[in-house]
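Chemist: Take a look at this one; I'll ask things after.
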Amino acid sequence: MLMKLIYVLLALVALLLASLLILRLLDWRADQSEWQKLTSLQPANPEQYDPSMVANLPEPARRFFNFSIAPGTPLYTVAEIDMGGQFSLGSLEKPDYQAMQAYQVLAAPHGFVWRLKLPGLVPVSGSDSARWTRFRILGFIPVARMGGESDHSRSAYGRYVAEAVFWTPAAILPRAGVTWEEIDENTARVTMTHEKISQAVDVTVNAEGQPVEVSFKRWSNANPEKIHRLQSFGGYLSDFRIVQGFKLPFSIEAGNMFGTNEYFPFYKAKVSSIRFPGADR
Numbered sequence: 008m009l010m011k012l013i014y015v016l017l018a019l020v021a022l023l024l025a026s027l028l029i030l031r032l033l034d035w036r037a038d039q040s041e042w043q044k045l046t047s048l049q050p051a052n053p054e055q056y057d058p059s060m061v062a063n064l065p066e067p068a069r070r071f072f073n074f075s076i077a078p079g080t081p082l083y084t085v086a087e088i089d090m091g092g093q094f095s096l097g098s099l100e101k102p103d104y105q106a107m108q109a110y111q112v113l114a115a116p117h118g119f120v121w122r123l124k125l126p127g128l129v130p131v132s133g134s135d136s137a138r139w140t141r142f143r144i145l146g147f148i149p150v151a152r153m154g155g156e157s158d159h160s161r162s163a164y165g166r167y168v169a170e171a172v173f174w175t176p177a178a179i180l181p182r183a184g185v186t187w188e189e190i191d192e193n194t195a196r197v198t199m200t201h202e203k204i205s206q207a208v209d210v211t212v213n214a215e216g217q218p219v220e221v222s223f224k225r226w227s228n229a230n231p232e233k234i235h236r237l238q239s240f241g242g243y244l245s246d247f248r249i250v251q252g253f254k255l256p257f258s259i260e261a262g263n264m265f266g267t268n269e270y271f272p273f274y275k276a277k278v279s280s281i282r283f284p285g286a287d288r
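Taking this note's numbering, the leading residue of the sequence shown gets 8, the next gets one more, and so forth.
In structure tokens, the structure reads:
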């Protein structure tokens with residue numbers, strides 16, 4: 008009887024492990040499929056940047072584009088970003104920053120995929136996208152699994168539209184679904200609308216047009232009540248480098264409650280590489 012019980016328990020454990028491995032494989036395939044779909048959106052023969060494209064924009068926006076994109080630069084709108092840095096799973100009082108490794112494809116307004124690894128004492132890995140958030144410990148035990156509903160989509164949209172401002176500025180040039188307005192002499196607001204979702208993002212520039220901070224109202228439940236609502240999010244940009252005619256930040260700090268005493272920069276990225284897939288076609 009005892010041996011039979013042991014065999015049953017072993018069979019259940021084996022079934023559980025097999026289920027977790029299958030789930031991990033399905034997640035990996037979804038990551039790959041979404042990544043490939045987004046990179047395929049790269050324009051094959053993009054226009055080249057001309058300052059006349061932004062001549063009718065508010066002055067801070069013109070300053071931003073003319074700093075960020077050199078004349079004659081092919082206007083690639085999809086980027087792949089490799090990054091290290093620090094990521095916090097804690098709070099403002101106890102941030103508990105951990106070293107991170109992450110890889111991202113960014114294709115606003117269509118989506119993004121961010122693959123994260125935190126190789127700490129208990130390794131955490133997974134991915135975030137416009138469609139899901141999936142993280143696990145030890146490579147295959149799920150600890151967070153959400154997405155597929157409007158709150159998640161709206162929150163994710165805010166993130167990748169804001170990131171497009173500084174990593175894929177060609178994606179936010181004026182066109183259908185993208186509008187600009189002036190906030191003050193050094194700040195402009197871009198609003199991107201796609202599939203009935205809109206997100207406004209403020210970009211503040213210095214005298215040369217270099218974006219120094221980005222801020223917006225993000226749909227989020229990162230609050231004590233765990234209720235989705237609009238709240239401040241944003242961060243600071245630095246360490247600009249030239250990548251195929253674009254001047255892009257390689258150091259980003261961002262977090263919730265930006266501009267308040269509760270600001271918590273849980274994300275501190277140090278970029279190692281930015282590429283425009285398909286640019287060598």
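Even glycine gets a Cβ: it sits at the ideal position worked out from N, Cα and C. Keep in mind that this is a model prediction, so the values were computed, not measured.
(1) Consult DSSP for Asp135 and reduce its assignment to one of helix, strand or coil.
(2) Within 10 angstroms of the Cβ of Ile249, are there 16 or more other Cβ atoms? Answer buried if so, exposed if not.
(3) Excluding the five sequence neighbours on either side, which residues of its own chain have a C-beta within less than 7 Å of the C-beta of Pro284, listed in chain order?
(4) Any idea what DSSP makes of Pro67, helix, strand or coil?
(5) Of the residues Leu125, Leu30, Thr175, Arg166, which one's Cα is nearest the Cα of Phe253?
(6) With DSSP collapsed to three states, give me the class of Val181.
(7) May I have the straight-line CA-CA distance separating Glu202 from Ser160, to the nearest angstrom?
(8) Drop a sphere of 10 angstroms on the beta-carbon of Val129, count the other beta-carbons inside from all chains shown, and report buried for 16 or more, exposed for fewer.
(9) One question on the structure: do Ala178 and Pro65 come within less than 7 Å of each other, judged by their Cβ atoms?
(10) Per the contact definition of three or more C-beta pairs closer than 8 Å, is the stretch 51–58 in contact with the stretch 131–147?
(11) Which residues in the same chain as Gln251 place their Cβ atom closer than 8 Å to its Cβ, once the five residues preceding and following it in sequence are excluded?
(12) For Phe71 and Lys224, I'd like the C-alpha separation in whole angstroms.
(13) How long is the line joining the alpha carbons of Ala109 and Lys124, rounded to whole angstroms?
(14) Starting from the C-beta of Pro272, find all residues in its chain whose C-beta is less than 7 Å away, skip the five residues before and the five after it, and write them out in chain order.
(15) Quick one: what's Thr200 bridged to in DSSP?
(16) Indicate the three-state DSSP secondary structure (helix, strand or coil) for Ala109 in the structure shown.
(17) In angstroms with no decimal places, state the Cα-to-Cα distance between Glu188 and Ala137.
(18) Thinking C-beta only, is Val221 closer than 7 Å to Asn213?
(19) Give the single residue among Pro181, Asp191, Asp135, Ala183 whose Cα lies nearest to the Cα of Tyr164.
Modeler: Straight from the coordinates:
(1) Taking the sequence shown and counting its residues from 1, one reaches residue 135 at position 128. Note: Asp135 maps to strand in three-state DSSP.
(2) Within the sequence shown, numbered from 1, the residue matching residue 249 stands at position 242. Counting Cβ neighbours within 10 Å, Ile249 comes out exposed, since fewer than 16 surround it.
(3) Here the question's residue 284 lines up with position 277 in the sequence shown. Taken in chain order, the residues that qualify are Thr46, Gln49, Val85, Glu87.
(4) Position 60 of the sequence shown, counting from 1, holds the residue named residue 67. Helix at Pro67.
(5) Translated into positions along the sequence shown, residue 253 becomes position 246. Phe253 has its Cα closest to that of Thr175, out of Leu125, Leu30, Thr175, Arg166.
(6) For the purposes of this step, residue 181 is identified with residue 174 of the sequence shown, where counting begins at 1. Correcting the residue identity first, residue 181 is Pro in this sequence and not Val. DSSP places Pro181 in coil when its eight states are reduced to three.
(7) Position 195 of the sequence shown, counted from the first residue, corresponds to residue 202. Position 153 of the sequence shown, counted from the first residue, corresponds to residue 160. For Glu202 and Ser160, the distance between alpha carbons rounds to 11 Å.
(8) What you label residue 129 is simply residue 122 of the sequence shown in a count that begins at 1. Looking at its Cβ environment, which holds fewer than 16 other Cβ atoms inside 10 Å, Val129 is exposed.
(9) The residue given as residue 178 occupies position 171 in the sequence shown. The residue given as residue 65 occupies position 58 in the sequence shown. Result no, Cβ atoms of Ala178 and Pro65 do not sit closer than 7 Å.
(10) no
(11) Sequence index remark: in the sequence shown, residue 251 carries index 244 (1-based). Here the set comprises Thr80, Pro81, Tyr83, Phe283, Ala286.
(12) Here residue 71 refers to the residue found at position 64 when the sequence shown is read from its first residue. Here residue 224 refers to the residue found at position 217 when the sequence shown is read from its first residue. For Phe71 and Lys224, the distance between alpha carbons rounds to 21 Å.
(13) Residue numbering aside, residue 109 sits at position 102 when the sequence shown is read from its first letter. Residue numbering aside, residue 124 sits at position 117 when the sequence shown is read from its first letter. The straight-line gap from Cα to Cα measures roughly 6 Å.
(14) As a first step, residue 272 is located in the sequence shown; it is residue number 265 there, counting from the start. Contacts found: Gly242, Glu260, Ala261, Gly262.
(15) In the sequence shown, the residue the question calls residue 200 occupies position 193. According to DSSP, Thr200 bridges with Ser205.
(16) Within the sequence shown, residue 109 is the residue found at index 102, counting from 1. Ala109: strand per DSSP, three-state reduction.
(17) Within the sequence shown, the letter at position 181 stands for residue 188. Within the sequence shown, the letter at position 130 stands for residue 137. Taking the straight line from one Cα to the other gives about 26 Å.
(18) Locating residue 213 in the sequence shown gives position 206, counting from the first residue. Locating residue 221 in the sequence shown gives position 214, counting from the first residue. The answer is no: Cβ separation not under 7 Å.
(19) Working through the sequence shown from its first residue, we reach residue 164 at position 157. It is Asp135.
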